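Mapping to my numbering: the sequence shown position 245 is 247, numbers consecutive. Here is the structure we will look at, set down as structure tokens.
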Amino acid sequence: MNIAVGVDIGGTNLRVTVSDESGDFLHTEKKKIEVSDEMGISRNIVDMTRRSCEAIDVKVDEVKGIGIASTGPLDVEKGILIRPTNLPFGKVPLVEPVRKELGIPTSLLNDCSAGVLGEKTFGAGKGCENLVYINIGTGIGGGAIVDGNLLLGKDGNAAEIGHFTVDPKGKLICGCGKKGHWEAYCSGRNIPNFVELRSEELISRYGEMSPEKFFKAVEEGDREAVSLMEEISKLNAIGTADVIDAYDPELVTFGGTVVLENEERIVNPIRGRIEDHIRNEKPEIIVTPLKDKVSLYGAIARALEY
Ligand SMILES: [Zn+2]
């Protein structure tokens with residue numbers, strides 16, 4: 003039985019899982035991300051891997067590989083994070099320190115690339131050669147497998163779909179500095195900006211906006227919120243249509259906090275509107291069955307390739 007370790011570095015938490023080759027999680031550890039120094043995360047990965055192996059009575063050198071999935075920006079070749087959004091460091095070395103300390107083959111991949119790999123290996127995409135994973139969380143990201151190959155690109159950014167332009171008039175500025183990008187309107191970080199742009203009424207009624215407050219207002223049937231939700235759905239459908247026409251997938255799965263906390267409220271309108279925008283044949287569009295573990299599954303899938 004092959005054993006692998008998957009690591010997921012999210013916005014706030016670090017998760018380490020020891021899994022067998024069928025994707026059964028044998029032991030999982032979770033910890034707040036260490037921000038004291040730039041070696042903190044790799045130190046934690048090493049400790050958590052050792053503890054996890056001990057907990058299930060597996061020797062560390064029996065582990066086939068370690069896959070680390072992380073939000074970008076990252077340099078996959080060098081195995082480092084570069085100026086991560088949530089950490090006060092220029093570079094965070096991951097692969098080398100972990101490999102050196104544990105003596106196990108280790109690699110790094112973008113969390114959305116990991117997402118699509120996890121979907122194909124352990125989720126709804128088993129047997130699919132063409133699929134896309136779309137993450138709508140704090141930001142918007144994607145991972146694409148085309149003809150069975152995970153697309154990476156020259157810098158590992160082949161599916162930066164959150165930066166597709168969905169509003170050519172471009173009133174909202176994206177975190178990347180450019181105008182009119184999908185992420186600037188529909189991501190968890192930016193939905194409050196969109197509300198502010200469109201509806202003084204909602205702001206005066208609800209105070210400072212958060213995605214949670216906004217979706218609650220939609221659920222309660224607030225007229226302004228429902229109408230803004232229509233606009234968000236339209237932009238989500240345009241973004242998804244661009245993805246479908248770019249990669250021609252047979253399956254699109256959605257994950258990320260905004261999706262997982264609202265599921266069909268986000269995905270159903272995309273399904274309903276998609277044919278207004280696509281040229282390619284409509285794929286199956288679903289919420290990922292792997293939920294918030296989709297990237298972790300992808301990290302394990304990568305580790306099992308060793
Ligand atoms: Zn952007």
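Quick reminder that beta carbons are idealized off the backbone N, C-alpha and C, glycines included. No experiment lies behind these values; they were computed from the predicted model shown.
Setting aside the 5 residues that flank it on each side, K173 is surrounded in the same chain by K181, G182 and L199, each with a C-beta closer than 8 angstroms to its C-beta; the list follows chain order.
Contact between D22 and T73 does not hold, since their C-beta atoms are separated by about 27 angstroms, which reaches or exceeds 8 angstroms. The region 128-139 makes contact with the region 250-260, as at least three CB pairs between them are under 8 angstroms.
For G92, the number of other beta carbons within 10 angstroms of its own is below 16, and it is reported as exposed.
When DSSP reads this structure, G69 sits in a beta bridge with G8 and S109.
Sixteen is the threshold: since fewer than 16 other Cβ atoms of the shown chains lie within 10 Å of the Cβ of D39, the residue is exposed. When the beta-carbon positions are compared, R281 and D244 stay at least 8 angstroms from each other.
When DSSP states are grouped into helix, strand and coil, Y308 belongs to the coil group. Between ligand 1 and the CB of H29, the shortest heavy atom gap is not smaller than 7 angstroms.
Closest in alpha carbon position to N159, among G144, L306 and K171, is G144. Contact check for E56 and I5: beta-carbon distance about 13 angstroms, past the 8 angstroms limit, so the pair fails to qualify. A direct Cα-to-Cα measurement between V9 and E214 gives close to 27 angstroms. Relative to the non-hydrogen atoms of ligand 1, the Cβ of G177 comes within a distance shorter than 7 angstroms of at least one. Distances from the alpha-carbon of P99 to those of P75, I82 and S24 put I82 closest.
In this structure E203 is exposed. Its beta-carbon is surrounded by fewer than 16 other beta-carbon atoms within 10 angstroms. 8 angstroms or more divides the Cβ of K128 from the Cβ of L306. Per DSSP, the continuous alpha helix (DSSP H) segment holding V48 begins and ends at G42 to A57. Approximately 5 angstroms separates the beta-carbon atoms of R191 and T140; this is inside 8 angstroms, confirming the contact. For secondary structure counted as the alpha helix (DSSP H) over 4 or more consecutive residues, the region 211-244 holds these complete runs in sequence order: 213-221.
When DSSP states are grouped into helix, strand and coil, E286 belongs to the strand group. When secondary structure is reduced to three states using DSSP, H279 falls in the coil class, being assigned neither helix nor strand. The alpha carbon of T290 has as its nearest neighbour, out of L262, G274, L298 and V7, the alpha carbon of L262. With a threshold of 16 other beta carbon atoms within 10 Å, R53 falls short and is exposed.
Setting aside the 5 residues that flank it on each side, D250 is surrounded in the same chain by N132 and N282, each with a C-beta closer than 7 angstroms to its C-beta; the list follows chain order. Around the beta carbon of K34, a 10 Å sphere encloses fewer than 16 other beta carbons of the protein chains shown; the residue is thus reported as exposed. For N88, no alpha helix (DSSP H) encloses it, and the DSSP letter there is neither H nor E.
Burial check for G223: the Cβ neighbour count within 10 Å stays below 16, so the residue is exposed.
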